[in-house]
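What follows is a set of notes on a single structure, which appears directly below.
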Amino acid sequence: MNRVAHFAAATALASSLAYLLAGPAYAQNRVAGSKPAPAAAAAKPQDRMVVDARELVYDNDKKTVAAVGDVQILYQGRTIEADRVIYDQANKRVTAIGNARITETNGTVITGDRFNLTDDFRDGFIDSLRVVNPDRTRFSAPRAERTDGETFIFEKGIYTACEPCKDNPEKPPLWQVRAARIIHKKSEQTVYYEDARLEFAGIPMAYMPYMSGPDSTVKRKSGFLSPKFINTSALGFGVGLPYFLNLAPNYDLTLTPTFLTRQGVLGQAEWRHRLVNGSYTIRASGIFQQDQEAFLASPLGPRDKEFRGSVETNGKFYINQNWSFGWNAAMSTDRWFYKNYRIKNEAFSTTTYLQESISTAYLNGQSATAWFDLRGYYFQPLNYQDWQKQQPMVLPVLDYDKRVHKPSFLGGELEFTVNVTSLNRDTAAFTQLPQQKTYLITTPSYSLYDGCAVYQKSTCLVRGLAGNVSRATAEVSWRRNFIDPLGQMWTPYASVRADIFSVNPDTSSVINSRVSTIADTSDEVFGRVMPAIGLMYRYPFVAKTDWGTHIIEPVAQIVARPNETHSVRLANEDAQSLVFDATNLFEWSGKFSGYDRVEGGTRANVGALYTGRFGKEAFANLLVGQSFQLGGRNSFASGDLVNTGLNSGLDTNSSDIVTRAQLSPFKGFFLTGAARLNSTTFEAQRIDAAATYANSVITASVGYGRYEPQPELGISRRREGLSLNGSLRIADNWRLRAGVLFDLDKYKYDRERYRDAYAAYLAAPSVAAVPVYPNTGPFQTASTSLGVNYTDECTIFDISYSQSNADRQSGATKDTRTVMFRLELRTLGELAYSQNLNSSSADGVSQ
Numbered sequence: 078m079n080r081v082a083h084f085a086a087a088t089a090l091a092s093s094l095a096y097l098l099a100g101p102a103y104a105q106n107r108v109a110g111s112k113p114a115p116a117a118a119a120a121k122p123q124d125r126m127v128v129d130a131r132e133l134v135y136d137n138d139k140k141t142v143a144a145v146g147d148v149q150i151l152y153q154g155r156t157i158e159a160d161r162v163i164y165d166q167a168n169k170r171v172t173a174i175g176n177a178r179i180t181e182t183n184g185t186v187i188t189g190d191r192f193n194l195t196d197d198f199r200d201g202f203i204d205s206l207r208v209v210n211p212d213r214t215r216f217s218a219p220r221a222e223r224t225d226g227e228t229f230i231f232e233k234g235i236y237t238a239c240e241p242c243k244d245n246p247e248k249p250p251l252w253q254v255r256a257a258r259i260i261h262k263k264s265e266q267t268v269y270y271e272d273a274r275l276e277f278a279g280i281p282m283a284y285m286p287y288m289s290g291p292d293s294t295v296k297r298k299s300g301f302l303s304p305k306f307i308n309t310s311a312l313g314f315g316v317g318l319p320y321f322l323n324l325a326p327n328y329d330l331t332l333t334p335t336f337l338t339r340q341g342v343l344g345q346a347e348w349r350h351r352l353v354n355g356s357y358t359i360r361a362s363g364i365f366q367q368d369q370e371a372f373l374a375s376p377l378g379p380r381d382k383e384f385r386g387s388v389e390t391n392g393k394f395y396i397n398q399n400w401s402f403g404w405n406a407a408m409s410t411d412r413w414f415y416k417n418y419r420i421k422n423e424a425f426s427t428t429t430y431l432q433e434s435i436s437t438a439y440l441n442g443q444s445a446t447a448w449f450d451l452r453g454y455y456f457q458p459l460n461y462q463d464w465q466k467q468q469p470m471v472l473p474v475l476d477y478d479k480r481v482h483k484p485s486f487l488g489g490e491l492e493f494t495v496n497v498t499s500l501n502r503d504t505a506a507f508t509q510l511p512q513q514k515t516y517l518i519t520t521p522s523y524s525l526y527d528g529c530a531v532y533q534k535s536t537c538l539v540r541g542l543a544g545n546v547s548r549a550t551a552e553v554s555w556r557r558n559f560i561d562p563l564g565q566m567w568t569p570y571a572s573v574r575a576d577i578f579s580v581n582p583d584t585s586s587v588i589n590s591r592v593s594t595i596a597d598t599s600d601e602v603f604g605r606v607m608p609a610i611g612l613m614y615r616y617p618f619v620a621k622t623d624w625g626t627h628i629i630e631p632v633a634q635i636v637a638r639p640n641e642t643h644s645v646r647l648a649n650e651d652a653q654s655l656v657f658d659a660t661n662l663f664e665w666s667g668k669f670s671g672y673d674r675v676e677g678g679t680r681a682n683v684g685a686l687y688t689g690r691f692g693k694e695a696f697a698n699l700l701v702g703q704s705f706q707l708g709g710r711n712s713f714a715s716g717d718l719v720n721t722g723l724n725s726g727l728d729t730n731s732s733d734i735v736t737r738a739q740l741s742p743f744k745g746f747f748l749t750g751a752a753r754l755n756s757t758t759f760e761a762q763r764i765d766a767a768a769t770y771a772n773s774v775i776t777a778s779v780g781y782g783r784y785e786p787q788p789e790l791g792i793s794r795r796r797e798g799l800s801l802n803g804s805l806r807i808a809d810n811w812r813l814r815a816g817v818l819f820d821l822d823k824y825k826y827d828r829e830r831y832r833d834a835y836a837a838y839l840a841a842p843s844v845a846a847v848p849v850y851p852n853t854g855p856f857q858t859a860s861t862s863l864g865v866n867y868t869d870e871c872t873i874f875d876i877s878y879s880q881s882n883a884d885r886q887s888g889a890t891k892d893t894r895t896v897m898f899r900l901e902l903r904t905l906g907e908l909a910y911s912q913n914l915n916s917s918s919a920d921g922v923s924q
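Shown next, in the form of structure tokens:
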């Protein structure tokens with residue numbers, strides 16, 4: 078009976094409201110004499126109203142219809158809920174009272190104590206309003222007005238993107254904007270704030286008489302972005318005001334004038350364009366400096382330049398699903414511009430050892446079994462020690478790799494590899510042995526560009542030839558795995574490789590002519606062919622115990638090749654870096670890092686691998702191995718123009734022993750290590766070790782590295798370092814982090830410099846000053862950092878301090894101490910600021 082009454086009341090109210098809202102068309106049909114249609118059919122499907130309530134009350138005198146008790150109305154995609162809904166037929170207004178709630182079609186939820194709206198719900202007033210948008214932003218006000226169905230005016234309104242406190246919803250959020258009036262115009266997709274102030278935890282922190290911003294539906298809109306601040310001794314205090322121009326859905330322009338108290342106006346522009354098959358970006362920066370004396374004179378700084386600037390561009394386009402092309406290029410008027418003016422450059426080298434801008438353009442193709450890459454490189458050094466004329470321009474670099482799985486006539490895997498590389502350099506680059514003490518330019522205050530005291534093979538390395546060096550390489554290799562009935566795995570291998578070299582040195586200048594005393598400088602085209610056959614044997618032994626599963630696997634590999642040819646004639650541009658460790662012990666193609674060098678002779682590589690699993694999460698693995706030269710000439714004992722191979726641990730018939738270990742006794746804790754040990758004395762030649770632990774509260778890591786001297790490579794002293802890093806969750810949303818890097822060998826370098834300075838003083842006591850003995854210990858910091866971070870659903874706050882010491886190897890010539898601050902308020906914007914605590918801010922700066 079109750080169900081029937083409930084249904085009858087709901088149907089009656091729906092019919093009444095539907096007639097009143099869609100009734101004029103229905104009445105007109107009746108007057109015209111046409112056949113009347115049902116009320117439900119008179120309205121469009123999206124305009125039909127569905128009403129659900131416990132009871133229906135009619136007041137004929139006041140001409141009102143009221144739905145009472147758990148009222149729910151569905152109309153035009155909206156849902157209206159309340160304890161009581163009254164429709165005033167005379168004034169055509171709907172009043173919702175008690176727990177009133179409107180859910181819009183886009184998911185916005187509007188709640189209030191009382192709604193007073195027109196019958197189409199477009200205009201009216203709402204008391205104790207609260208609005209929750211789909212992106213979880215919130216508006217609230219004691220009273221609000223809605224006009225034209227698209228404008229909300231919040232009197233004494235509050236806006237925030239923070240979630241309310243679950244335990245105390247009335248507690249002010251972390252931040253909110255409180256304004257005399259907040260006007261939200263949906264048609265403009267804009268929110269206006271009048272007489273506003275920004276509050277943190279209910280405490281006013283900033284006042285803004287007027288501001289505006291896009292609403293939650295906007296992804297791109299023209300307007301000012303968050304300001305950028307800069308403050309250095311050379312530039313003064315500066316404020317950048319980025320203005321974003323949304324020119325079209327697929328392209329935009331950002332203009333950023335930065336006003337600097339000491340240098341004038343730095344102009345920046347960024348153009349972004351997205352096309353059907355890709356996108357590209359162009360950024361340009363420039364300034365006419367007002368105070369050039371703030372910088373050092375050439376060649377240590379850019380004092381001679383009135384105009385300074387840069388251009389950067391990157392892009393990527395897809396030709397089809399397999400092919401793409403793109404570029405990432407940057408050029409600046411001088412090498413100090415990016416640092417001095419804090420210009421971010423995506424072409425920067427990601428290493429700390431090399432500070433350079435790397436420009437490249439490429440064509441790339443990829444499929445399931447093949448890979449093709451064609452590109453060129455241009456390098457611009459970013460510190461004064463490097464000479465642009467010694468940097469190569471590499472064009473082209475072509476790489477192609479094709480794999481054929483299980484060819485019908487052989488089985489296994491057949492691989493084709495092609496590489497073509499050509500480079501040009503204006504000036505030859507040298508390194509002095511056993512220690513760099515001679516430079517091409519020497520003055521009383523500085524020394525620049527590495528040179529040699531005597532240009533001969535035993536005391537001088539040629540890092541790069543001037544002129545042109547080109548090489549083309551093609552290789553085909555095959556290997557296949559066989560498992561016999563005993564479980565032994567046999568892998569035969571065969572390959573043949575051909576190289577063609579074209580070497581055209583330039584010896585026209587004084588510096589370039591010195592190469593002729595070290596290397597053959599005649600123009601020449603020559604080639605080499607390197608066939609190889611090999612076999613690898615593996616036999617895993619598996620044991621299960623009460624505390625885990627253990628696999629011990631002996632591995633043996635032998636590869637036979639003829640002797641390497643032309644190793645001394647080669648410039649060796651791409652195989653200068655050689656680190657012998659467990660990762661390349663069983664490398665079929667050889668242990669050199671590039672194509673210019675190749676292993677020769679017959680070599681055997683042996684080792685043993687242990688793998689253990691303990692329970693569900695614990696595991697361990699260990700590899701121990703060694704390499705042996707069985708016949709032919711040892712390529713690693715034949716130094717080329719840069720002595721690659723010497724002091725590598727492979728330059729004797731019995732190599733050093735390499736090890737690698739990993740251990741995780743429980744979840745979140747990892748121990749890793751690798752070492753190279755002298756095969757006779759077992760003294761460590763190279764050590765890399767790390768320990769990490771992480772859970773929801775703490776993360777910690779310790780890293781240690783020690784590398785013995787390699788005097789025949791120009792590394793005369795041991796390198797040793799220790800790093801400590803960690804973070805701690807000190808409270809909900811709060812995390813503290815810290816890190817320190819110790820240069821454990823720098824005190825020896827300080828003493829070497831003291832000895833040199835003291836010798837210079839004894840030679841000329843009237844000219845040189847008496848040096849001060851460095852009273853330093855082994856734990857000298859190379860860098861330190863400390864920071865604290867707060868992150869929640871609406872706020873990111875981060876403040877950090879970092880310090881790095883001058884290090885010629887990393888290209889930093891001054892100690893730097895920097896404080897960085899960042900505050901991001903979701904939907905409002907981001908504020909970031911960094912301050913150098915030094916008197917000078919970067920290389921090239923005079924004060």
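For the sequence shown, the numbering used here gives the first residue as 78, with consecutive numbering after it. Note that beta-carbon positions come from the ideal geometry of N, C-alpha and C, so glycine has one too. For clarity, every value in this text was computed on a predicted model and none was experimentally measured.
Contact defined as beta carbons within less than 8 Å: I believe F618 pairs with V553. What is the distance between those atoms, to the nearest angstrom? Not a contact, Cβ separation roughly 35 Å.
DSSP state of R674 mapped onto helix, strand, coil: In the three-state reduction of the DSSP assignment, R674 falls in the coil class.
DSSP state of S585, grouped into three classes? In this structure, S585 counts as coil in the three-state DSSP scheme.
State the Cα-Cα distance for the pair T868 and A909, rounded to the nearest angstrom. 15 Å
Where the alpha helix (DSSP H) containing L839 begins and where it ends: Taken as a continuous stretch (DSSP letters only), the alpha helix (DSSP H) holding L839 covers K823 to A840.
Nonlocal neighbours in the same chain, by C-beta distance under 6 Å from Q912, ignoring five residues either side: N308 and V896
Is S725 near the ligand ADP, with its Cβ less than 8 Å from a heavy atom? Here there are no bound small molecules, and the ligand ADP is not part of this structure.
Runs of beta strand (DSSP E) wholly within the stretch 151-197 (minimum 3 residues, chain order): 155-165, 170-180 and 186-195
Pick from F402, R385, Q398 and W413: whose alpha carbon is nearest that of G392? F402
Beta carbon of G313 nearer than 9 Å to that of Q340: In contact: G313 and Q340 (Cβ atoms closer than 9 Å).
Less than 9 Å between the beta carbons of V606 and R574, yes or no? yes
Segment limits, beta strand (DSSP E) that includes N417: Premise fails: N417 lies in the alpha helix (DSSP H), F414 to N417, not in any beta strand (DSSP E).
8 Å contact criterion, which L324 and L330 should meet: CB distance rounded: Confirmed, Cβ separation roughly 6 Å.
Does the beta-carbon distance from A859 to F819 come in below 9 Å? Taking 9 Å as the Cβ cut-off, A859 and F819 qualify as a contacting pair.
CA-CA distance, Q857 and S310? 27 Å
Between A837 and the rest of its own chain, which residues show a CB-CB distance below 6 Å, the 5 nearest in sequence each way excluded? A845
Range covered by the beta strand (DSSP E) that runs through D527: S524 to D527
I260 - partner residues in DSSP beta bridges: When DSSP reads this structure, I260 sits in a beta bridge with I230 and Y269.
Could you check the C-alpha separation between T520 and R832 for me, to the nearest Å? 20 Å
The stretch 730-743 contacting the stretch 688-706, beta-carbon criterion three pairs below 8 Å: yes
Within its chain, find whatever has a CB closer than 7 Å to the CB of S299; leave out the 5 residues flanking it on each side and keep chain order. F321, L322 and N323
Assigned secondary structure, P617 (DSSP; H/G/I helix, E/B strand, else coil): coil
Using 8 Å as the threshold, is the stretch 777-789 in touch with the stretch 797-804, meaning 3 or more CB pairs across them? yes
Closer than 9 Å, CB to CB, is N866 near chain C or not? Absent from the structure is chain C; it holds one protein chain and no more.
Would you call the stretch 284-295 in contact with the stretch 189-208, where contact means no fewer than 3 C-beta pairs closer than 8 Å? Output reads no: the stretch 189-208 does not touch the stretch 284-295.
Does the separation of the CB atoms of I230 and I187 fall below 9 Å? Between I230 and I187, the C-beta spacing is not below 9 Å.
Mind checking whether L938 and N711 have CB atoms under 9 Å apart? The structure shown does not extend to residue 938, since the chain spans only 78 to 924, so no value can be given for it.
When you compare only the Cα positions, how much space is there between F663 and N682? 6 Å
Compare the beta carbon distance of Y526 and W464 with 9 Å and say whether it is the shorter of the two. Yes, the pair counts as a contact, with Cβ atoms nearer than the cut-off.
What residues in its chain sit with their C-beta under 6 Å from that of K534, if we drop five residues either side in the sequence? I595
Alpha carbon of G906 to alpha carbon of D225, nearest angstrom: 30 Å
Which residue from A374, F365, N354 and K416 puts its Cα closest to that of Y395? N354
Opening and closing residue of the beta strand (DSSP E) in which I775 lies: I775 to Y784
Going straight from the alpha carbon of P608 to that of R502, what length do you get? 32 Å
Taking C-beta to C-beta, are L472 and V495 nearer than 9 Å? no
Opening and closing residue of the beta strand (DSSP E) in which D43 lies: The structure shown does not extend to residue 43, since the chain is modelled only from 78 to 924, so the question has no answer here.
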